[in-house]
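Here is the structure we will look at.
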């Protein structure tokens, strides 16, 4: 995603180093030529790619929807993968940091080799992808002892040394995230205390996750939980940041990816497990979501 900024913005500069095939580190710097200039980009990542951005200074604003924004500031770390829910990215003013980009199809073995150099640790890329999907494909790491130590050391290193250091810290970060570190806090809706409607909506979200194979509709859910369709749609969007149907499709696609990764079920059976009676409809939606067919996804997963 930030690699695209380097390619598209004339005022952006980066020093790129490919340490091993599939793993690239860039020292990223952007300074607008005119005061008040805002750079914008619609981000996209190829399947099985993710990025780790160590924001040294400046501010990056990421939009998930009109009213949902994520701001990355100096001394913070941002992770994003190909399942990202980010719709647009904005840079206003100078931005500086180090970007680590990993193609897991190519770089998986090299990552494991890096782990092997420092012990018997292993990294489960499927588990990492599952955890990132739970966070809508992106996560912001802020204010922890680990993050504070990273930026304290970065400040003492030369530009050339910073790239190598961030690569090693990314390896450590991946290990922490794959071993249920609290660096990634679980995503929970913003429920107001004693707000009965919000509690009902959260209950509906839990119910939907547990019944993804059923033909869930707004009408049936509103009847079952005793609220109006308007209240369901409005409050659900406030809490979860997207319409009911969009959220449901996302949950079904996450479930489908998990089943493709961890079971030998046929694509037809997985479609049914995810609430689709039509395999062709399931294939179409899956391809729109992951930019590859279910069969292609399984084949790529098998090689990771």
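Residue numbers (the working numbering): 437 to 740.
Quick reminder that beta carbons are idealized off the backbone N, C-alpha and C, glycines included.
None of these values were measured; they are calculated from a predicted model.
Nearest to residue i (by Cα), restricted to the options the options
i	options	result
residue 692	729, 494 and 520	729
residue 574	498, 701, 656 and 702	498
residue 717	688, 600, 534 and 695	688
residue 582	490, 678, 657 and 722	490
residue 496	636, 521 and 530	530
Span separating the alpha-carbon of residue i from that of residue j
i	j	result
residue 605	residue 584	12 Å
residue 699	residue 734	10 Å
residue 662	residue 642	16 Å
residue 748	residue 539	Shown here, the chain extends from 437 to 740; a query on residue 748 therefore has no answer.
residue 579	residue 463	22 Å
residue 672	residue 571	17 Å
residue 523	residue 595	31 Å
residue 690	residue 613	18 Å
residue 682	residue 586	37 Å
residue 508	residue 514	7 Å
residue 668	residue 736	38 Å
residue 622	residue 724	Because residue 622 sits at a pLDDT of 44, beneath the cut-off of 50, its placement in the model cannot be relied upon, and the following sentence gives the value as read from the coordinates. Roughly 26 Å separates the two Cα atoms.
residue 505	residue 485	22 Å
residue 680	residue 640	10 Å
Three-state secondary structure (DSSP) of residue i
i	result
residue 517	strand
residue 730	helix
residue 490	strand
residue 593	coil
DSSP bridge partner residues for residue i (one or two, in chain order)
i	result
residue 462	452 and 535
residue 526	476 and 497
residue 574	516
residue 647	DSSP, once it has assigned bridges, lists no residue as partnering residue 647.
residue 485	539
residue 509	495
Rounded Cβ spacing between residue i and residue j (contact assumed at less than 8 Å)
i	j	result
residue 655	residue 646	That belief does not hold up - the Cβ atoms of residue 655 and residue 646 are roughly 19 Å apart, past 8 Å.
residue 657	residue 710	With 8 Å as the limit, residue 657 and residue 710 do not qualify as a contact, their Cβ atoms being about 17 Å apart.
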